[in-house]
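Chemist:
2 protein chains.
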Amino acid sequence: MNEQLQPLKKQPRAGKAGRSGTQDDIVYAHIFEAILEQRLAPGTKLSEEALGEIFGVSRTIIRRALSRLAHEGVVLLRPNRGAVVASPSVEEARQVFFARRLVERAITELAVEHATAEQIAELRQMVNDERDSFSRGDRGAGIRLSGEFHLKLAEAAKNAPLISFQRSLVSQTSLIIAQYESGNRSHCSYDEHTQLIDAIEAGNGELAVNLMMHHMDHIDSKLNLDEESASDDLHAVFSHLLQTKKPGRAPAKI
Amino acid sequence: MNEQLQPLKKQPRAGKAGRSGTQDDIVYAHIFEAILEQRLAPGTKLSEEALGEIFGVSRTIIRRALSRLAHEGVVLLRPNRGAVVASPSVEEARQVFFARRLVERAITELAVEHATAEQIAELRQMVNDERDSFSRGDRGAGIRLSGEFHLKLAEAAKNAPLISFQRSLVSQTSLIIAQYESGNRSHCSYDEHTQLIDAIEAGNGELAVNLMMHHMDHIDSKLNLDEESASDDLHAVFSHLLQTKKPGRAPAKI
DNA sequence: AACACGGCGATTGTACACAATGAATGGTGG
DNA sequence: CCACCATTCATTGTGTACAATCGCCGTGTT
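Chains as they are written, first to last, in this note's numbering: chain A, 25 to 278; chain B, 25 to 278.
#1: Determine, for His95 (chain B), whether the minimum Cβ-Cβ distance to residues of chain A falls below 8 Å.
#2: What does a CB cutoff of less than 7 Å around Phe311 (chain B) pick up in its chain, not counting 5 residues either side in sequence?
#3: Taking DSSP as the reference, what is the three-state secondary structure of Lys176 (chain A)?
#4: Could you compute how far the alpha carbon of His239 (chain A) sits from the alpha carbon of Glu216 (chain A)?
#5: From what residue to what residue does the alpha helix (DSSP H) around Gly76 (chain A) run?
#6: With 8 Å set as the bound, which would you pick, yes or no: does the beta-carbon of Ser192 (chain B) sit closer than that to a beta-carbon of chain A?
#7: Can you tell me which of B:Arg168, B:Leu100, B:His242 and B:Ala226 puts its alpha carbon nearest to the alpha carbon of Thr140 (chain B)?
#8: With 9 Å as the C-beta to C-beta threshold (strictly closer), list the residues of the segment 173 to 197 of chain A near chain B in chain order.
#9: Whole alpha helix (DSSP H) runs in the segment 196 to 233 of chain B with 4 or more residues, listed along the chain?
#10: Residues of chain B with a CB under 9 Å from the CB of Glu116 (chain A): which are they?
#11: Taking Phe122 (chain B) as the query, report the chain A residues whose CB atoms sit under 7 Å from its CB, ordered along the chain.
#12: Measuring CB atoms only, is the segment 105 to 118 of chain B touching the segment 193 to 200 of chain B, in the sense that at least three cross pairs come out at less than 8 Å?
#13: Tell me whether Val99 (chain A) sits in a helix, a strand or coil according to DSSP, three-state version.
#14: When you compare the CB positions of Val151 (chain B) and Thr218 (chain B), do they come within less than 8 Å of one another, or not?
#15: Could you please give the first and the last residue of the uninterrupted beta strand (DSSP E) stretch that includes Ala107 (chain B)?
#16: Express the C-alpha separation of His174 (chain A) and Ala232 (chain A) in angstroms, rounding to a whole number.
#17: Quick check: the Cα distance between Arg105 (chain B) and Arg124 (chain B), rounded to an integer number of angstroms?
#18: Which chain B residues sit within Cβ distance under 7 Å of Ala281 (chain A)?
#19: Interface residues of chain B around Gln203 (chain A) at Cβ under 7 Å?
#20: Can you tell me whether Gln149 (chain A) is buried or exposed, with buried defined as 16 or more other CB within 10 angstroms of its CB?
#21: For Val99 (chain A), which option in A:Leu169, A:Ser71 and A:Phe79 has the closest C-alpha, if you only look at C-alpha atoms?
#22: Quick one: is Leu126 (chain B) near chain A, going by C-beta distance under 8 Å?
#23: Looking at the unbroken alpha helix (DSSP H) that takes in Ala130 (chain A), where does it start and where does it end?
#24: Below 8 Å CB to CB, which residues in the same chain sit around His242 (chain A) once its five sequence neighbours on both sides are set aside?
#25: Exposed or buried, Arg92 (chain A), counting other C-beta atoms within 10 Å across all chains shown (16 or more means buried)?
#26: Are Asp49 (chain B) and Ile85 (chain B) close, meaning C-beta to C-beta below 8 Å?
#27: Closer than 8 Å is the cut-off here; do at least three beta carbon pairs connect the segment 57 to 67 of chain B with the segment 159 to 167 of chain B?
#28: Distance, Cα to Cα, Glu96 (chain B) vs Glu230 (chain B)?
#29: Please report how far the alpha carbon of Asn234 (chain A) lies from the alpha carbon of Gln203 (chain A), in whole angstroms.
#30: Give the single residue among A:Ile221, A:Asp222, A:Ser111 and A:Asp244 whose Cα lies nearest to the Cα of Thr68 (chain A).
#31: Please determine, among A:Ala107, A:Glu179 and A:Leu90, the residue with the shortest C-alpha to C-alpha distance to Glu146 (chain A).
#32: Just checking my contact of Leu134 (chain A) with Lys176 (chain A) at CB under 8 Å: how many whole Å lie between their CB atoms?
#33: Would you tell me roughly how many angstroms separate the C-alpha atoms of Val51 (chain A) and Ile78 (chain A), rounded to the nearest one?
#34: Could you tell me whether any Cβ in chain B is nearer than 8 Å to the Cβ of Gln143 (chain A)?
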């Protein structure tokens with residue numbers, strides 16, 4: 025209870041201040057950010073009361089935020105047992121990547137058709153922000169911005185269901201990267217993003233799709249999904265110790 | 025206030041009665057069913073208090089159910105102004121169908137690979153139920169079961185994100201069909217479903233995909249999406265009357 | 001000594017009460 | 001007579017209290 029995420033900043037939230045449903049979003053965004061930046065490790069229990077106290081809102085709001093996070097797959101909501109940060113298995117990660125390839129291909133093709141000049145400009149801006157984050161060493165922000173780039177691209181594709189799906193996939197992907205990325209720091213694929221924008225702006229759909237698929241290959245080549253690098257399954261983690269002796273008692277909640 | 029959907033049946037809910045989170049699901053399922061069977065017309069306001077009284081639960085539960093329905097796109101949740109049954113526009117319908125083609129293609133290919141014999145059998149059973157519903161003249165149940173068939177197929181594909189997305193797409197598709205299906209009653213595409221199962225069981229992926237794409241074509245050829253058949257946008261409805269006179273006052277935010 | 005059972009504490013699930021927002025309506029002025 | 005504005009009412013948004021459920025731990029038994 026000695027760590028405070030943010031003692032409730034009222035969130036500038038430029039512009040649409042009239043919106044009432046903003047409180048949810050604040051909490052949602054902060055938890056989401058914390059998860060991506062690995063300040064909240066996979067498996068961490070998210071107590072409603074504790075979070076409510078931290079953010080200065082009641083459990084009602086927290087509950088809504090958690091529900092939303094659960095729907096996007098970054099939080100696991102166990103009935104009567106509370107919420108925990110999701111820890112996607114290798115199999116789940118593979119499924120997410122499969123779906124992403126599918127969606128990214130379609131989005132890229134659509135974006136070539138429908139992206140406006142303004143959206144192209146916004147995309148370039150996002151790549152700049154992303155590069156800055158990585159050069160500052162802010163890995164969490166970098167991962168997040170990288171995800172937001174793909175989300176922005178989805179918006180340029182102008183297909184509401186795909187945008188919604190992409191949001192969920194990007195969230196989960198970010199979590200997977202945060203969890204499985206192997207040591208070599210070079211996640212910095214922002215130059216691939218730049219090339220992608222160029223191809224889209226040039227209207228070269230085929231090239232854009234190829235670049236995107238390459239980009240996807242790069243991303244999961246950086247992950248070590250081949251073996252469980254970390255697991256919340258205690259038996260898997262300590263399997264090398266387990267001589268079929270007595271199983272002992274479950275070693276407390278880690 | 026003179027129509028009661030269900031005066032709170034305790035829902036037999038065979039088996040897992042211990043689960044507490046069940047109440048949400050009951051409300052969710054009932055509203056969902058009512059929308060698909062067009063007992064609730066698009067645009068109908070869904071008052072939290074009224075629904076709570078009908079189902080014998082508090083607004084808390086209703087709110088959760090509505091939130092879930094909103095996330096799937098069959099209910100529109102307007103901040104501070106309550107929930108209404110969604111009335112997808114033609115453009116939205118097109119986007120949903122685009123996404124569905126994408127997803128159904130992938131699902132079909134995966135199902136050919138991963139479907140078990142048991143799942144094939146379940147699929148056949150569902151087609152039977154669907155045929156029965158249509159022959160009974162129960163159009164709403166038919167639409168719903170037809171949707172559930174596609175959902176079951178997604179499960180056979182064994183990709184969690186795709187299943188989740190498909191659920192959302194199928195829900196919206198059902199709503200679109202209920203809203204836009206042109207007069208000719210023959211929505212009964214269950215024989216196409218049967219052929220599809222045969223191809224999948226035979227392991228003929230190419231044929232299965234072709235059948236599925238054909239199936240998609242059939243579905244939206246039955247809809248008249250070419251013109252707005254009915255709209256809740258007053259300006260669109262009466263656009264033929266609107267001479268470019270003075271813009272008057274900003275005509276409320278619809 | 002190990003297993004099983006039952007009480008206890010903590011956390012979530014639900015309902016309700018109050019506050020805030022938006023829409024409708026009646027009144028007033030031009 | 002029409003348009004604008006203030007008040008009122010209904011409905012949603014939020015906070016909080018109570019109840020139900022689950023996991024944990026001590027005790028008793030085999």
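The beta-carbon is built from N, C-alpha and C at its ideal position, and this holds for glycine as well.
Owing to the predicted nature of the structure, the values given are computational and were not obtained by experimental measurement.
Modeler: The structure says:
#1: Translated into the one-based positions of the second sequence, residue 95 (chain B) becomes position 71. With 8 Å as the cut-off, His95 (chain B) counts as an interface residue toward chain A.
#2: Look at the range of chain B in this structure, 25 to 278, and you will see that residue 311 (chain B) is not part of it.
#3: For this step, residue 176 (chain A) is matched to residue 152 along the first sequence. Lys176 (chain A) falls in the helix class under three-state DSSP.
#4: Counting from 1 along the first sequence, the entry for residue 239 (chain A) is found at position 215. Counting from 1 along the first sequence, the entry for residue 216 (chain A) is found at position 192. Roughly 7 Å between the two C-alpha positions.
#5: In the first sequence, residue 76 (chain A) corresponds to position 52, counting from 1. Segment Glu72 to Phe79, the alpha helix (DSSP H) holding Gly76 (chain A).
#6: Locating residue 192 (chain B) in the second sequence gives position 168, where the first residue counts as 1. Yes, its Cβ sits closer than 8 Å to a Cβ of chain A.
#7: If you number the second sequence from 1, residue 140 (chain B) lands on position 116. Checked all of B:Arg168, B:Leu100, B:His242 and B:Ala226; the closest Cα to Thr140 (chain B) is B:Ala226.
#8: Lys182, Asn183, Ala184, Pro185, Leu186, Ser188, Phe189, Ser192, Leu193 and Gln196
#9: 214 to 226
#10: In the first sequence, the residue the question calls residue 116 (chain A) occupies position 92. By Cβ distance, chain B contributes Ala184 and Pro185.
#11: To locate residue 122 (chain B), count along the second sequence from 1; it is residue 98. Residues of chain A passing the Cβ test: Asn183.
#12: yes
#13: Numbered from 1 along the first sequence, position 75 holds the residue referred to as residue 99 (chain A). Here Val99 (chain A) sits in strand by DSSP.
#14: Locating residue 151 (chain B) in the second sequence gives position 127, counting from the first residue. Locating residue 218 (chain B) in the second sequence gives position 194, counting from the first residue. A contact, by the Cβ cut-off of 8 Å.
#15: What you label residue 107 (chain B) is simply residue 83 of the second sequence in a count that begins at 1. Residues Gly106 to Val109.
#16: Start at 1 with the first residue of the first sequence, and residue 232 (chain A) comes out as number 208. Start at 1 with the first residue of the first sequence, and residue 174 (chain A) comes out as number 150. Going by the C-alpha atoms only, they are around 13 Å apart.
#17: Start at 1 with the first residue of the second sequence, and residue 105 (chain B) comes out as number 81. Start at 1 with the first residue of the second sequence, and residue 124 (chain B) comes out as number 100. Approximately 31 Å, taken between the alpha carbons.
#18: The question about residue 281 (chain A) has no answer, for chain A in this structure spans 25 to 278.
#19: By one-based count along the first sequence, residue 203 (chain A) stands at place 179. Per Cβ cutoff of 7 Å: no residues; Gln203 (chain A) is ~16 Å from chain B at best.
#20: Taking the first sequence and counting its residues from 1, the one referred to as residue 149 (chain A) is at position 125. Gln149 (chain A) comes out exposed.
#21: Indexing the first sequence from 1 puts residue 99 (chain A) at position 75. Among A:Leu169, A:Ser71 and A:Phe79, the Cα nearest to that of Val99 (chain A) belongs to A:Ser71.
#22: Position 102 of the second sequence holds residue 126 (chain B). Yes, Leu126 (chain B) counts as interfacial toward chain A.
#23: One-based indexing of the first sequence puts residue 130 (chain A) at position 106. Per DSSP, Ala130 (chain A) belongs to the alpha helix (DSSP H) from Val114 to His138.
#24: Translated into the one-based positions of the first sequence, residue 242 (chain A) becomes position 218. Result list for His242 (chain A): Ser213 and Glu216, in chain order.
#25: Along the first sequence, one-based indexing puts residue 92 (chain A) at 68. Under this definition Arg92 (chain A) is a buried residue.
#26: Taking the second sequence and counting its residues from 1, the one referred to as residue 49 (chain B) is at position 25. Taking the second sequence and counting its residues from 1, the one referred to as residue 85 (chain B) is at position 61. No.
#27: yes
#28: As a working note, residue 96 (chain B) is residue 72 in the second sequence. As a working note, residue 230 (chain B) is residue 206 in the second sequence. Taking the straight line from one Cα to the other gives about 30 Å.
#29: The residue you call residue 234 (chain A) lines up with position 210 of the first sequence. The residue you call residue 203 (chain A) lines up with position 179 of the first sequence. Answer to the nearest angstrom: the Cα atoms are 27 Å apart.
#30: Against the first sequence, residue 68 (chain A) aligns to sequence position 44. Cα-wise, what sits closest to Thr68 (chain A) is A:Ser111.
#31: The residue you call residue 146 (chain A) lines up with position 122 of the first sequence. Ranking A:Ala107, A:Glu179 and A:Leu90 by Cα distance to Glu146 (chain A) puts A:Glu179 first.
#32: For the purposes of this step, residue 134 (chain A) is taken as residue 110 along the first sequence, with counting starting at 1. For the purposes of this step, residue 176 (chain A) is taken as residue 152 along the first sequence, with counting starting at 1. That belief does not hold up - the Cβ atoms of Leu134 (chain A) and Lys176 (chain A) are roughly 13 Å apart, past 8 Å.
#33: Translated into positions along the first sequence, residue 51 (chain A) becomes position 27. Translated into positions along the first sequence, residue 78 (chain A) becomes position 54. Val51 (chain A) and Ile78 (chain A): Cα-Cα distance of roughly 10 Å.
#34: In the first sequence, the residue the question calls residue 143 (chain A) occupies position 119. Cβ-Cβ to chain B under 8 Å: no for Gln143 (chain A).
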